[in-house]
Each structure stands twice: as structure tokens, then as C-alpha cells.
Amino acid sequence: MKDIKVIGSVNIDIIMSSRKLPSTGETVKADKYYLYPGGKGANQAVAVSRTGIRPEFFGKLGNDYFAEIIINYLKKENMELSIKYGQNTGMAMINVETSGRNMITVYPGSNGDMSIDDFPDVKIRDSIVLFQQEIPLKTIRDFIARIKENGNVIITDPSPYVEDRYILENSDIITPNQTEAQLLAGCDIKSIEDAKKASSKIREKYKSNVIIKLGSRGSLVDYNGELKYFKPYSVKAVDTTGAGDCFNGALASEFLRTGDIDRSAEFANIAAALSTTGHGAFPSFPYQNQVIAIMEGK
Ligand code: RIB
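For the sequence shown, the numbering used here gives the first residue as 27, with consecutive numbering after it.
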């Protein structure tokens, strides 16, 4: 593999931080708010860049003020930008409580009409390609159909959850979180043993490798017939927004460097944990040297 491409969404995130999340019909007072760029695609691209690889990011913004804010942030990261423009920038409303748990509502905006025709000349060969599911599934299927024979490694995050057989069967690695893994496998995950069973079911169903992101419980790697559990790196989480995206980006960076999936999962566990110690999605993502310092100090 020679490089990393990230194809996906980019949003402006409006984050409200409060003592507890509101229940249905309840109003709670926020202590702080933040306006940050986000979107699962942009987050993964930033995670790749911060962990030491210059990725190319394919996304679609609006012709609006939010797009300017986002572009200014993205230009500060070490990445190649292949950005198209539609009407409105996607937007996420994120409520975060003191424990770090969150609730997210997303308005797709231009992400919702991103199409392969926006990138007619794209050719991707011998790359690690990261997808998530905040752009139309048809667009992802079209990209996969175009690139799958070219020696690429396709890593798909089935988030937001939709089960698309074509996408999942044509991915080399599927990276659900616990909830998505439960839905894909059709069983509950209460323990690491349950996660192992779920991962076997997912692997059988789609004939793809599986990495289940278990958040504060670490991750489970089911790769080339070997099943391994990796413990979490413990931190005091203040905001878990984007931690799964940080995991995928960091995983891809380390996998490109080493080709070692186990080491890459450990690296990604640490990066994702560190990302929860600050507010927002990518503003809190760590850099390669921070992750390595922890890995080597272990
Ligand atoms: O995964 C976190 C992301 O989900 C946020 O940045 C938000 O934009 C939503 O897309």
C-alpha cells in the first residue's frame, strides 16, 4: 500500500456541553458550547494526518459561511483536499454530558448529494481507502465498484448504521462499534466473549475481516482467521465525539506503516482514548508522537 484516501462526510458540529443529556421533552442548561468542524469522513482524514500520514480527503461542502470555517481548519492539517461544493454544509447537533456520553442529530446538507460524478477522474490504486456511511450508500457502492480491483484495502465504518450487503461484502475490514456489531450480528454484546461470537457471525455473513470498537472496553480484531482482544487505554473521558473516527484513521496510518494489524489496533485504541480527553471531534485528536510515547512507555 502506498497511501490513504478518505471518502466521506464533512460537517459543522454544534456541541452543547451539559451536566446531563436531556430526556425527551426536557430542556437542560448547557455550561459551554463549541462550534467545530466534524463529520465522520473529515474526522477520519484528520486522524490519519495527525498520526503521521498525509491522506487525500474527498468530500462535499456547501456554499456558505460554515464551509469557510471548516476549510480554514482543514488547511492547517497535513492533507490533500479534493473538495466539491453543493448548497449547504452538513451540520451535526451534538449534546455531550459530563460523563462523556453524547447524542447526535445530523443534517446531511451537501454530503447527501455527494456522488461519484463529483469526482469523474478519480483513480485509486494500491491505497488504503476509508469509508463511513454519512454520504449516500449508492455513492459508496459506485466508488467501491470503480476501485475494488485495483489492489486497494477498503475499510468501512458502518456508521450511521445501515446494513448494505454490497458495501460490507466488498470491504476488506468492517469496523462496527458495539451497537453496530450487535445489529449486524443479530445478537447482544454484554461481554468480550459475546463480542467474539458477534464478530464470527459478521465475518461469516460478509466474508470480511472485522474489528469491533468496544469503546472503554478496547477492541476486538478478527483478521485473517485470528481473533484477538486488545485492552483499552484508560483515560478520564470528557467527550467521546469522534472517538470511533479517530480509531479508524489511526488504525489506517499505523497499518500503512507496519502492515501489522495487531499493532495497528493497539495504536488506534490509544489514539481513540486520547481523543476523548478534550472537547469536539478532531480538535481533540492526538498526534503520532503522543500515541507512540504511550505505546513505548507500556
Ligand atoms: O462521529 C462523530 C461525527 O458524527 C461528528 O463529528 C458529527 O459531525 C457526526 O457526523
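Note that beta-carbon positions come from the ideal geometry of N, C-alpha and C, so glycine has one too.
Asked                                                                                                       : Found
Reduced DSSP secondary structure (H/G/I, E/B, other) of residue 102                                         : coil
Cβ-heavy atom distance, residue 69 to the ligand RIB, below 7 Å                                             : yes
Proximal residues to residue 295 (C-beta, below 8 Å), its chain only, five neighbours per side dropped      : 244, 245, 256, 257, 258, 259, 273
Nearest to residue 90 (by Cα), restricted to the options 82, 111, 292, 149                                  : 111
Helix, strand or coil at residue 215 [DSSP, three-state]                                                    : coil
Residue span of the beta strand (DSSP E) that contains residue 165, given as start and end                  : First-last for residue 165: 163-173, but that is the alpha helix (DSSP H), not the beta strand (DSSP E).
Residue 142 beta carbon near the ligand RIB (any heavy atom closer than 7 Å)                                : no
Residue 224 burial status per 10 Å Cβ neighbour count (16 or more: buried)                                  : buried
Every unbroken beta strand (DSSP E) within the stretch 69-95, with a cutoff of 3 residues, ordered by chain : 82-88
Cβ shell of residue 95 (< 8 Å), same chain only, five flanking positions each side left out                 : 38, 61, 63
Cβ distance (whole Å) where residue 121 is taken to contact residue 128 below 8 Å                           : 6 Å
The ligand RIB heavy atom lying under 7 Å from the CB of residue 32                                         : no
Between the CA atoms of residue 152 and residue 83 - distance to the nearest angstrom                       : 16 Å
Meets three-Cβ-pair contact criterion under 8 Å: the stretch 68-86 and the stretch 139-146                  : yes
Residue 160: CB within 7 Å of a non-hydrogen atom of the ligand RIB                                         : yes
Residue(s) in a DSSP beta bridge with residue 131                                                           : 119
Helix, strand or coil at residue 234 [DSSP, three-state]                                                    : coil
Per-residue burial, residue 76 [other beta carbons within 10 Å of its own, 16 or more giving buried]        : buried
Residue ranges of each beta strand (DSSP E) within the stretch 234-259, 3 or longer                         : 235-239, 245-249, 252-256
Residue 183 versus residue 165 - alpha carbon distance                                                      : 15 Å
Bounding residues of the beta strand (DSSP E) (the contiguous stretch that carries residue 61)              : 56-64
Proximity winner among 35, 185, 186, 157, relative to residue 173 (alpha-carbon distances)                  : 157
Continuous beta strand (DSSP E) assignments of at least 3 residues falling wholly in the stretch 260-312    : none
For residue 225, the residue or residues it bridges with in DSSP                                            : For residue 225, which the question treats as bridged, DSSP gives no partner whatsoever.
From 314, 304, 320, residue whose alpha carbon lies closest to that of residue 41                           : 304
Where the alpha helix (DSSP H) containing residue 315 begins and where it ends                              : 314-323
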